[in-house]
Amino acid sequence: MLSFIVNSYSSRAYRTIGSVHAQVYTPAGRTTAVSVQGSETVVSLDGVTKTYELGGTVEALSDVSLSLEEGSYTAVMGPSGSGKSTLLNLIGGLDTPTEGEVRVRNNDLAGLSEDERAELRGTEVGFVFQTFNLLPRLTARKNVAMPLSFSGVPRDERLERAASLLEDVGLGDRLDHRPPELSGGQRQRVAIARALAPEPSVLLADEPTGNVDTGTGERIMDVFGDLSGSGNSILLVTHERRIAEHADRIVHIRDGEVEDIEEV
Amino acid sequence: MDLRDAVGMAAGALWSQRLRSALTVLGIGLGTAAVVTFVTFGASLRADVVGQIDTSTANNIYLLSTPSDEEGFPERPQPVFTERDLSELRSIEGVDRVVPQGTVGISSITFSNSTLARQSVTATTPEAFSGISFRQGEPFESGTDEAVINRRAATVFEQNLSVGDEVSITRRSNETVDATVVGIVNRTSSQLPFQTFVQQPRFYLPTEPHYDAVVESPSLGVNQRAYPQVTAVADPSELSGTRERVRSYLNDSDASGLQPPGYSLSARTGGDIADGLEELINRLTRFVTGLAVISLFVGAVGIANIMLVSVTERTREIGIMKSVGARNRDVLLVFLIEAALLGAVGSLIALPIGVAGGWIATSYADIPLTLVPFWFGVAVLVGIAVGVVAGLYPAWRAARVDPIDALRRE
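Sequence order for the protein chains is A and B. The opening residue of the first sequence carries number 1 in my numbering; numbering runs sequentially from there. The opening residue of the second sequence carries number 1001 in my numbering; numbering runs sequentially from there.
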């Protein structure tokens, strides 16, 4: 099958990319299109249970097994309190499972130290939050470059890469604007660029359209669509079917259990 | 995260809260400035005093009978050293000469038509002037009505006194001594080292015939003159040995038998007294600096307080940093640097303020300003250290923020 290795940002490869699997960080506008085949698993959950002690034992997830293939686009749908955010936090290495195994790119998260999980968050996953979670006093460019500062990418290089990513999401003329000077949609695109900065194995989006109007939400989903089209693995959490339908498959989750997996 | 990035991040956070940062900096800055002020003042005082100590008195051994619990400046010494003590002291090895000094109670001194009310004049022997250069004239002779005065005394009357002038001294007994001024000096060899600080007018008369404090010598059983202060001038080559021999003599001197209970005899060299004085100033400086250090603590508490507020306010920011890969130590570093920056900037602005304070204090005390750059360096380091110490707990709290809780916050 035809595959390309595309690294359009600098001559330096951020991570070794296998010849079979190409990763492209390019949303709309880039001419290179890559199809990904014979995919390997980027994220797998095996019998994952997560319980919290909140005056009694609360089971947020119960025996969940799920795997995400490289380049796949998955939506997790469920009502609030169903455990979908917990699922995201576990994959993102913010939380650890009570039982079972969570693997991201073959790293068993339970076996990682706190520092190693922080490193994983800075290199293997990219979070996109409902409330954007940008640092208001930093410019768009510095917000995008921030994850790279924790993984030791030199300053000039990460600022250059941040500028290029912002251009890709259509904010090339907003590099030095601070989040309060940007619209909700623009802020979310800055957040997406930030999530892409470390070339993560998987993008984790938690209700990314929850804080913007319907029209803006659609445009953000278009960005995700383009990212998926260029080979990024995406896990999207939402409670709206309309949003979930942008994905290739929808994992229905209720009361901490996977109810159904629906191919779209 | 490298140090430069962390500093940039910390500086950005402080800059985004400019007023608050400025006030915190002011707090620690004023504390450090107070320390710098007092240290500068102490150093200036010390330099001034040490500079004024008459080093030519280093070989003098001063014998005094003073209350045992009194330190520093001897006040109102008792007349306990008899003529027999003087002659015994003169025979001690290493003692070049022995100069007694006492006071003669008077009521006034008149020169020309102007009269000066005065409590006492000093009675001493011609040896007090041996080795002293005279501005005018020469030492008095024993058994005469000649007087020697110091420079200041020459100018206290309407007309300036000079050699050959006659002053009439009215004693307490109303008897009048008409003394002829034969010499004008800057100082005497028996003068205590710090008596040159304040130039008071001094009049010297020979002990014979003017000094009349008499006691019965316990060892000889006869009445003799007794003096409150005796100076033994030692051979410089064996000063400390001579001092020890003088001390051991004091144990069976007439003076030890005559002194009132609670008094003790001391034999201290000019160097001992100068050291004591220096130590006194150092102790004073340390005490006042200690007080100023309290304000440094206040500044440190200010930093700790504002950093804790900052950690609470920026919990979400910490969560964001952690979600994009910040390790605990990265967060710790950023917050520690913030606190250290507050301390460092505070102590940097403290230097000019503190030096200005020192300048004001020294001008007020009328002593020359002495700057000690070493202490400026210490002040800046202490400022940074105070910031770091004050920031430790807040930074530790920041590092331990749970990203999930933090991100859930609004």
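Ideal Cβ positions, reconstructed from N, Cα and C, are used throughout, including at glycine.
(request) Given a cut-off of 8 Å, decide if TYR1227/B and PRO1079/B are closer than it, judged by their beta-carbon atoms. (result) In contact: PRO1079/B and TYR1227/B (Cβ atoms closer than 8 Å).
(request) Can you pull the chain A residues whose beta carbon is under 8 Å from the beta carbon of GLY1012/B, in chain order? (result) Correct list: ARG137, LEU138.
(message) Beta-carbon within less than 8 Å of ILE220/A's beta-carbon, same chain only, minus the 5 sequence neighbours each way: which residues are those?
(response) Correct list, in chain order: GLY185, GLN188, ARG189, ILE192, PRO208, THR209, VAL212.
(request) Could you list which residues in chain A have their beta carbon closer than 8 Å to that of GLU1317/B, in chain order? (result) Here the neighbours are LEU135.
(request) From the DSSP output, in three-state form, read off PRO1228/B for me. (result) Here PRO1228/B sits in coil by DSSP.
(message) Less than 8 Å between the beta carbons of LEU204/A and LEU88/A, yes or no?
(response) Contact flag set, yes.
(request) Determine which residues share a DSSP beta bridge with ILE261/A and list them. (result) Note: ILE261/A sits in a beta bridge opposite VAL251/A.
(request) Express the C-alpha separation of ASP1252/B and SER1264/B in angstroms, rounding to a whole number. (result) Taking the Cα positions, SER1264/B is about 13 Å away from ASP1252/B.
(request) Taking SER149/A as the query, report the chain B residues whose CB atoms sit under 7 Å from its CB, ordered along the chain. (result) In chain order: MET1001, ASP1005.
(message) At the level of alpha carbons, what is the spacing between GLY1131/B and ASP1235/B?
(response) Spanning the two alpha carbons is a distance of roughly 13 Å.
(message) Quick check: is the beta carbon of ASP1330/B nearer than 8 Å to any beta carbon in chain A?
(response) Judged by the 8 Å Cβ criterion, ASP1330/B is in contact with chain A.
(request) Indicate whether at least one CB of chain B lies closer than 8 Å to the CB of THR123/A. (result) For THR123/A, a Cβ of chain B is located within less than 8 Å of the residue's own Cβ.
(request) Please name the residue in ALA1365/B, PRO1067/B, ALA1399/B whose C-alpha comes closest to that of THR1040/B. (result) Closest by C-alpha distance to THR1040/B, out of ALA1365/B, PRO1067/B, ALA1399/B, is ALA1365/B.
(message) For a cutoff of 8 Å on Cβ pairs, would you count ARG12/A as touching chain B?
(response) Model confidence at ARG12/A stands at a pLDDT of 36, short of 50, so the residue's coordinates are unreliable and nothing is read from them.
(message) Could you tell me the alpha carbon to alpha carbon distance between VAL251/A and VAL76/A, rounded to whole angstroms?
(response) Taking the straight line joining both Cα atoms gives about 5 Å.
(message) I want to verify the contact list: residues of chain B whose CB lies under 8 Å from the CB of GLU257/A, in sequence order.
(response) Against GLU257/A, chain B offers no close residue; the least beta-carbon distance is about 21 Å (beta-carbon pairs closer than 8 Å).
(request) List the residues of chain A whose Cβ lies closer than 8 Å to the Cβ of GLY1404/B, in chain order. (result) In the sequence under discussion, the amino acid at residue 1404/B is Ile, which differs from the Gly named in the question. Chain A residues near ILE1404/B: ASN89, LEU94, ASP95.
(request) Per DSSP, which residues does ASN1223/B bridge with? Please list them. (result) GLU1216/B.
(request) Would you be able to state if there are at least three C-beta pairs under 8 Å between the segment 111-131 of chain A and the segment 1006-1025 of chain B? (result) Flag = no, the segment 1006-1025 of chain B and the segment 111-131 of chain A do not touch.
(message) Between GLY1383/B and LEU1030/B, how many whole angstroms is the CB-CB distance? I'm expecting something under 8 Å.
(response) Taking C-beta atoms under 8 Å as the contact rule, GLY1383/B and LEU1030/B fail to qualify, at a distance of about 12 Å.
(request) Answer yes if the segment 1154-1172 of chain B comes into contact with the segment 1105-1112 of chain B, meaning at least three C-beta pairs across the two stretches below 8 Å, and no otherwise. (result) By the criterion of at least three beta-carbon pairs nearer than 8 Å, the segment 1105-1112 of chain B is in contact with the segment 1154-1172 of chain B.
(request) Tell me whether PRO1079/B sits in a helix, a strand or coil according to DSSP, three-state version. (result) Coil.
(message) Please return the same chain residues whose Cβ sits closer than 7 Å to the Cβ of GLY1302/B, not counting the five positions on each side in sequence.
(response) Here the set comprises THR1024, GLY1027, ILE1028.
(request) Note down, in chain order, every chain B residue with its Cβ under 8 Å from the Cβ of ASP115/A. (result) By Cβ distance, chain B contributes ARG1327, ASN1328, ARG1329.
(request) Give the interface partners of ARG254/A over in chain B, defined as CB-CB distance under 7 Å, in chain order. (result) In chain order: nothing, as chain B lies at least about 21 Å away.
(request) Measure the C-alpha to C-alpha separation of SER1016/B and THR49/A and round it to an integer number of angstroms. (result) Taking the straight line joining both Cα atoms gives about 42 Å.
(request) Kindly indicate which three-state DSSP category SER85/A falls into: helix, strand or coil? (result) Here DSSP, grouped into helix, strand and coil, assigns SER85/A to helix.
(message) Runs of 4 residues minimum, wholly inside the segment 1241-1290 of chain B: which ones carry the alpha helix (DSSP H) assignment?
(response) Qualifying alpha helix (DSSP H) stretches, in chain order: 1254-1258.
(request) Report the rounded CA-to-CA distance for GLY83/A versus ALA60/A, giving the unit in angstroms. (result) One alpha carbon belongs to GLY83/A, the other to ALA60/A, and they sit about 5 Å apart.
(request) Pull up the distance between the alpha-carbon of TYR25/A and that of VAL104/A, whole angstroms please. (result) In this predicted model, TYR25/A has a pLDDT of only 43, less than 50, meaning its place in the structure is not dependable; the value taken from the coordinates is given anyway. Looking at the two C-alpha atoms, the distance is approximately 19 Å.
(request) Would you mind stating whether PRO1201/B and VAL1156/B have Cβ atoms separated by less than 8 Å? (result) Contact: yes.
(request) Tell me THR51/A's beta-bridge partners as DSSP assigns them. (result) The partner list for THR51/A (beta bridge, DSSP) reads GLU59/A.
(message) Against chain B, which members of the segment 189-201 of chain A pass a CB distance test of less than 9 Å?
(response) So the list reads ARG194, ALA195, ALA197, PRO198, given in the order they occur along the chain.
(request) Give me the Cβ distance between GLY1262/B and GLY1094/B, rounded to the nearest whole Å; I'm assuming they're in contact under 8 Å. (result) Not a contact, Cβ separation roughly 31 Å.
(request) Compare the C-beta of GLU167/A against all C-beta atoms of chain B and say whether one is closer than 8 Å. (result) Chain B has no Cβ within less than 8 Å of the Cβ of GLU167/A.
(request) Give the range of the beta strand (DSSP E) segment to which SER1091/B is assigned. (result) Neither: SER1091/B is in no beta strand (DSSP E) and is coded neither H nor E.
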